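**Student:** For the sequence shown, my numbering begins at 10 and goes up steadily by one.
Heads up, the beta-carbon is just placed ideally off N, CA and C, and yes, glycines get one too.
Remember, it's a predicted structure, so these values are computed and weren't measured experimentally.
Here's a structure for you.
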Amino acid sequence: MASISIYEYKPISDEDGIRLLELQPNKDLSSPIHSRLIHTTISMCVEDIYMHYTALSYVWGSPEKNKTIIVDGSSLSITDSLHAAIHDLRDQNHTLLLWADGVCINQSDEEEKTAQIRIMGQIYTSARHTVAYLGPANRNDEERILRSLRPPFTITDSLKEKSEKNWSKKLSLTADARLDKILSRQWFGRVWVFQELVFSASPWIQCGRTRVRWERFYQALRKEKSEDDGTGQASISEAPATSIVSQMHEAWEHHGKRLTSYSAPDNTVLSYYSGERVVFGNTLIDLLLARRGLGVTDPRDMVFAHLGFATDGQLWTTGMDYSKTVSQLFLDVAWWIQNLATVMGTRLDS
């Protein structure tokens, strides 16, 4: 049997250029994954009726690349977590255009990585859908929970009220299908997911091969929070991810839910708000303190993932530079915060 060559990335030439993974269908979902990497631009995706894609939000997990997929007839090594996501997103009948950073960005090219992260907000904003992939199903428990949140039939304006009543009744019958099982997934503690969700026009939650719209998931979470489990306490009031989900939904309601399309691909992530910030008017240092302890693969992401939400983020002029070491970046941030406080006439707590 002839050996398969290793896939080699071709450079992205356009300022708003991206790659999309064209995932080929297969009736046998256990078969090797075949795909193509397509070069396109964000503006082309927005202005064309055919180039609609789905963006993937997932947990990187171990950086070891133990799995392979076939891309343009060549072999490409990817992480276990990304392989699981692609496997569960692959359809038996339909081709899927997918954007996933682990395969659509050449991770060995620091210059490309920095450039792509600068337009990350545009990538998620321009996607038709965003799938938050929580990981493979665990004994079908999480999939069963998500299936219980699906509406009994397609919602239309004339049927919405009846559908919601049926769904509410259906949810009450699944008392054992508690959402804290889902909230314990690592995705809810990852730094970048806040940005990925808030910039999404149509976000979904998926576990295994089952998915449900984010809005319905949040409605169920609120319902379960408000119900008494018989002990005198809200059933998931102690779940650490609950407040994170509430913050994410509030930010999405404010920004992402209003999205229709994106028409200025040369802008950066910091330009989305037009002076109106999504997350409670917090400065960068406020966000770093409030969200410390969340999961990152690269410690530098703790800074870069929050610049777009910080009230003072537009004053950060050095960009998202992954050529800097962690210590260099953190020293720059400390100097910048201190200098900004001096300029603004404020005083930092010692």
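Residue 154 to residue 146, Cα distance in whole Å?
**Tutor:** Counting from one through the sequence shown, the residue named residue 154 turns up at place 145. Counting from one through the sequence shown, the residue named residue 146 turns up at place 137. Going by the C-alpha atoms only, they are around 11 Å apart.
**Student:** Along the chain, where does the alpha helix (DSSP H) that runs through residue 122 open and close?
**Tutor:** Numbered from 1 along the sequence shown, position 113 holds the residue referred to as residue 122. Looking at the DSSP string, the run of the alpha helix (DSSP H) that includes residue 122 is 119 to 127.
**Student:** Residue 142 and residue 65 look like a contact to me (Cβ under 8 Å); what is the Cβ gap, rounded to whole Å?
**Tutor:** For the purposes of this step, residue 142 is identified with residue 133 of the sequence shown, where counting begins at 1. For the purposes of this step, residue 65 is identified with residue 56 of the sequence shown, where counting begins at 1. Correct: roughly 6 Å between the Cβ atoms.
**Student:** Can you tell me whether residue 52 is buried or exposed, with buried defined as 16 or more other CB within 10 angstroms of its CB?
**Tutor:** If you number the sequence shown from 1, residue 52 lands on position 43. Buried, because 16 or more other Cβ atoms sit within 10 Å of the Cβ of residue 52.
**Student:** Is residue 67 helix, strand or coil when you go by DSSP?
**Tutor:** Position 58 of the sequence shown, counting from 1, holds the residue named residue 67. Three-state DSSP puts residue 67 in coil, outside helix and strand.
**Student:** Please determine, among 201, 81, 32, 48, the residue with the shortest C-alpha to C-alpha distance to residue 106.
**Tutor:** Here residue 106 refers to the residue found at position 97 when the sequence shown is read from its first residue. Cα-wise, what sits closest to residue 106 is 32.
**Student:** What does the Cβ neighbour count give for residue 334, buried or exposed, with the cut at 16 atoms within 10 Å?
**Tutor:** Translated into positions along the sequence shown, residue 334 becomes position 325. Classification for residue 334: exposed.
**Student:** Quick one: what's got a C-beta closer than 7 Å to residue 89's C-beta in the same chain, skipping five residues either side?
**Tutor:** The sequence position of residue 89 within the sequence shown is 80, counting from 1. Within the same chain, residue 89 has close Cβ partners 70, 71, 75, 76.
**Student:** Would you mind working out which of 188, 97, 56, 46 sits nearest residue 85, comparing C-alpha positions?
**Tutor:** To locate residue 85, count along the sequence shown from 1; it is residue 76. Comparing Cα positions, the closest option is 46.
**Student:** Going by the DSSP bridge assignment, what does residue 29 pair with across the sheet?
**Tutor:** The residue you call residue 29 lines up with position 20 of the sequence shown. Per DSSP, 47.
**Student:** Please name the residue in 253, 205, 226, 50 whose C-alpha comes closest to that of residue 22.
**Tutor:** By 1-based counting over the sequence shown, the position of residue 22 is 13. Of the listed residues, the one whose Cα sits closest to residue 22 is 50.
**Student:** With residue 158 as the anchor, note down where its beta strand (DSSP E) starts and where it stops.
**Tutor:** Taking the sequence shown and counting its residues from 1, one reaches residue 158 at position 149. Not the beta strand (DSSP E): residue 158 falls in the alpha helix (DSSP H), residues 150 to 158.
**Student:** Taking only three categories from DSSP, how would you classify residue 176?
**Tutor:** Indexing the sequence shown from 1 puts residue 176 at position 167. With a pLDDT of 48 at residue 176, under the threshold of 50, the modelled position of that residue is not reliable, and no figure is offered here.
**Student:** Please state whether the Cβ-Cβ distance between residue 91 and residue 111 is less than 7 Å.
**Tutor:** Position 82 of the sequence shown, counted from the start, is the residue given in the question as residue 91. Position 102 of the sequence shown, counted from the start, is the residue given in the question as residue 111. Contact: yes.
**Student:** So residue 313 and residue 126 are supposed to be a Cβ contact under 8 Å. How far apart are they, rounded?
**Tutor:** Counting from 1 along the sequence shown, the entry for residue 313 is found at position 304. Counting from 1 along the sequence shown, the entry for residue 126 is found at position 117. Contact holds; Cβ gap of about 6 Å.
**Student:** Using only alpha-carbon positions, find the residue among 135, 78, 194 that is nearest to residue 251.
**Tutor:** Along the sequence shown, one-based indexing puts residue 251 at 242. Taking only the C-alpha atoms, the option nearest residue 251 is 194.
**Student:** How should residue 133 be labelled, buried or exposed, when 16 other C-beta atoms within 10 angstroms of its C-beta is the threshold for buried?
**Tutor:** Translated into the one-based positions of the sequence shown, residue 133 becomes position 124. The residue is buried, with at least 16 neighbouring Cβ atoms inside 10 Å.
**Student:** Return the first residue and the last residue of the alpha helix (DSSP H) that residue 204 is part of.
**Tutor:** Numbered from 1 along the sequence shown, position 195 holds the residue referred to as residue 204. Unbroken alpha helix (DSSP H) run through residue 204: 202 to 207.
**Student:** Specify the secondary structure class of residue 142 as computed by DSSP and reduced to three states.
**Tutor:** Numbered from 1 along the sequence shown, position 133 holds the residue referred to as residue 142. Looking at residue 142 - three-state DSSP - the assignment turns out to be strand.
**Student:** Can you give me the Cβ contacts of residue 122 inside the same chain, cut-off strictly under 7 Å, excluding the 5 residues immediately before and after it?
**Tutor:** The residue given as residue 122 occupies position 113 in the sequence shown. Here the set comprises 114, 116, 331.
**Student:** Would you call the CB atoms of residue 62 and residue 29 closer than 7 Å?
**Tutor:** As a first step, residue 62 must be located in the sequence shown, where it is residue number 53. As a first step, residue 29 must be located in the sequence shown, where it is residue number 20. In contact: residue 62 and residue 29 (Cβ atoms closer than 7 Å).
**Student:** Please determine, among 340, 156, 344, the residue with the shortest C-alpha to C-alpha distance to residue 222.
**Tutor:** Stepping through the sequence shown from its first residue, residue 222 is reached at position 213. Residue 222 has its Cα closest to that of 156, out of 340, 156, 344.
**Student:** On a CA-only basis, which of 209, 215, 20, 159 is nearest residue 229? Give me that one, please.
**Tutor:** Stepping through the sequence shown from its first residue, residue 229 is reached at position 220. Nearest C-alpha to residue 229: 159.
**Student:** Leaving out five residues before and five after residue 211 in sequence, what residues of the same chain have Cβ atoms less than 6 Å from its Cβ?
**Tutor:** Residue mapping note: residue 211 aligns to position 202 of the sequence shown, counting from 1. Only 138 meet the Cβ criterion.
**Student:** Which same chain residues, not among the five before or five after residue 294, have their C-beta less than 6 Å away from its C-beta?
**Tutor:** Within the sequence shown, numbered from 1, the residue matching residue 294 stands at position 285. The answer, listed in chain order, is 346.
**Student:** Whole angstroms is fine: what's the gap from residue 344's alpha carbon to residue 337's?
**Tutor:** Numbered from 1 along the sequence shown, position 335 holds the residue referred to as residue 344. Numbered from 1 along the sequence shown, position 328 holds the residue referred to as residue 337. Their Cα atoms are separated by approximately 11 Å.
**Student:** Name the one or two DSSP bridge partners that residue 213 has.
**Tutor:** In the sequence shown, the residue the question calls residue 213 occupies position 204. DSSP, once it has assigned bridges, lists 140, 222 as partnering residue 213.
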